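The sequence shown begins at 93 in the working numbering and counts up by one.
Beta carbons: idealized from backbone N, C-alpha and C, even for Gly.
Keep in mind the model is a prediction, meaning the values are calculated, not measured.
The structure under discussion appears below in the form of structure tokens.
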Amino acid sequence: MTPDRAARTPSRAAATPDPRVATPDRTVRPPAGVARPLDLPTFEGGRLANGLRYEFARRPGIPEVSLRLIMECGAGAEPAAHAGVAALAARLLVSGTPGRDAMDVARRLDRLGAVHAASAGYSVGAVAMECLSEVFDEALDFLADTTLRSDFPESEVVRLRDERLDEIKRRRDEPAAVADLALIGELYGEGLYGRPVAGTEETVSQLARETVCAFHEARYRPGGALLVICGDVSSERIGPAVEARFEGWTGRCGRVEPPPTPEAPGGGVILIDRPGSPQSEVRVGTVGVPFGTDDHYAIIVANAILGGLFHSRINLNLREDKGWTYGARSDFRFRRGAGPFVARTAVETAVTGPAFEEILKEIDMLSRELVSKDELQLVRNALTLSLPRQFETAPHVCAKRSRQRIFGLPEDYWEEYTARIVSVTPEQIRATCRKYLGPDRLTLLAVGDAEKAAPALGKLGAVDIRPLGEV
């Protein structure tokens, strides 16, 4: 070691903790922070003669604006034979407008320094933009042009359709994707929620420019649409700016209604054979509930305890205690209709059966025993103390407001959220788990090496082994 380096290298003595400084006890969880007030912006709104509604909240101080146009153009509005057209149409919005091809559109967006994203869910489609306040008018021009006047060039339809087909094919090689698709197919069959929003290889391969244009013509309409704007723009500018870009937009389309709720199938184990797989993707699922049930907040708290947070029971069990996985989670996917409940993890093939047993054990315990005061308080803190952070930026605010409108949540949903979460009792949590997560309602599904995984699954019920190619 050179003298200079030796002079720069701290000695062991220097690294020894100072005895005068208290060492924190890392076996004791630090106390929760002080709750911050939820400071929500005030929204103003209006409606154009063509039926387009708009809502705006000003947030001065940061020169940014977020826009989100919501339309009733989700997968629930497409024929089953054209599954995937809603998602493909959204992806094609920036493929060209009269006088501009896809590259021209991309350059225009790049010059704005803005972000554009379009997507489709099961109920609605959304076109979102984020930009600096100084280019708000130009960004609104871009939003209107690409959403209302996209002309879907044949070459771009073929290119993006083929990209989507490649994505669908690649998912066959991803065990997690195979498990997810197989589970929703088992829960919902041929129903809307039984197929992916992106469509299937069979349906997407049949999509043509005429199909995309017809869907756009029918579902991209102002009647039933909502434009949400949040940012540092004066409220006096909003009405005239929206009217100038959208007053010529015409037509109306109905609300995308939720699909019927199927009976939850249960019993036995489905094992999709993936020979040679070193891991198994494990899923426990059932048909859940839509937004707006009377026990909505109890469901949120119950799931947070079970698998919705890092310190939830199944993650502490399978990851921290057993060391079988990098993570285990669960969630109720609230939609306009009854979306699925799914608990998921990936484990070494040899512990596929035990992993199922541990997840079912945790569900059973929540259905039989009351949660402790300390555990309930920890979950309450996790769900409520972080809430103000979810409204820190203009895009956050737009997303939350849009969520309220899409699912018909009460006007005071976010203001009352903390109080409703805090009011959930241990008895309500237990009742919720008994109601929705009874053993007769649960579907167990795994993707893994059947030769190694199947022997340990017999104690959970009859094992239905299926070839990978059937998914």
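(1) Count the other CB atoms, across all protein chains shown, that sit within 10 Å of the CB of R118; report buried if there are 16 or more and exposed otherwise.
(2) Assuming S211 is part of the beta strand (DSSP E), what are its boundary residues?
(3) Cβ atoms of A149 and V489: under 8 Å apart, would you say?
(4) CA-CA distance, M457 and V379?
(5) Should V320 and E450 be called a contact, given that it needs their Cβ atoms to be closer than 8 Å?
(6) Please state whether DSSP places E543 in a helix, a strand or coil.
(7) Excluding the 5 residues flanking A290 on each side, which residues of the same chain have their C-beta closer than 6 Å to its C-beta?
(8) Pull up the distance between the alpha-carbon of E259 and that of D265, whole angstroms please.
(9) So, for L401: in the same chain, excluding its five sequence neighbours on each side, which residues have a beta-carbon less than 6 Å away from its beta-carbon?
(10) Which value, in whole angstroms, describes the spacing of the CA atoms of S103 and S478?
(11) V381 and V516: beta carbons closer than 8 Å?
(12) What first and last residue would you give for the alpha helix (DSSP H) that runs through T437?
(13) Rounded to the nearest angstrom, how far is the Cβ of R323 from that of G553, given a contact under 8 Å?
(14) Mind checking who G217 pairs with in its DSSP beta bridge?
(15) Per DSSP, which one or two residues make a beta bridge with R203?
(16) Could you tell me how far apart the beta carbons of P267 and S369 are, in whole angstroms, since I believe they sit closer than 8 Å?
(17) Mind checking who V379 pairs with in its DSSP beta bridge?
(18) Residues in its own chain within less than 8 Å of D556 by CB, not counting five upstream and five downstream?
(19) Pull up the distance between the alpha-carbon of R263 and that of S327, whole angstroms please.
(20) Helix, strand or coil, according to DSSP, for I321 in the structure here?
(21) Take T444 and list the residues in its own chain whose beta-carbon comes closer than 6 Å to its own, dropping the five residues that flank it on each side.
(22) In the structure shown, what three-state DSSP assignment does I633 receive?
(23) Tell me the rounded alpha-carbon separation between Q496 and Y505.
(24) Taking just the CA atoms, how far does A220 sit from A209?
(25) Is G377 closer than 8 Å to T535 when the C-beta atoms are compared?
(26) If I follow the unbroken beta strand (DSSP E) through F426, where does it start and stop?
(27) Label D413 either buried or exposed according to how many other C-beta atoms from any shown protein chain fall within 10 Å of its C-beta, with 16 as the threshold for buried.
(28) In whole angstroms, what is the alpha-carbon distance linking R58 and A491?
(29) By how many angstroms is the C-alpha of I162 removed from the C-alpha of F448?
(30) To the nearest angstrom, how far is it from the Cα of A396 to the Cα of G500?
(31) For V514, which of helix, strand or coil comes out of DSSP?
Result, derived from the coordinates:
(1) exposed
(2) V207 to A212
(3) yes
(4) 20 Å
(5) no
(6) helix
(7) G176 and A179
(8) 10 Å
(9) A474
(10) Low confidence applies here, because S103 scores a pLDDT of 47, under 50, leaving its location unreliable; read the following figure in that light. S103 and S478: Cα-Cα distance of roughly 42 Å.
(11) no
(12) Run containing T437: none in the alpha helix (DSSP H); it sits in the beta strand (DSSP E), P432 to E440.
(13) Here residue 323 is Gly; the residue named in the question, Arg, does not match the sequence. Wrong, their Cβ atoms sit about 54 Å apart, outside the cutoff.
(14) M163 and A212
(15) R203 is not bridged to any residue.
(16) 6 Å
(17) P432
(18) G360, V361, I362 and L363
(19) 46 Å
(20) strand
(21) S372, A538, G540 and A545
(22) Any property of residue 633 remains undetermined from this structure, which presents the chain solely from 93 to 563.
(23) 8 Å
(24) 5 Å
(25) yes
(26) Note, F426: premise wrong, no beta strand (DSSP E); not H, not E.
(27) exposed
(28) Missing from the structure shown is residue 58; the chain here goes from 93 to 563 and no further.
(29) 40 Å
(30) 23 Å
(31) helix
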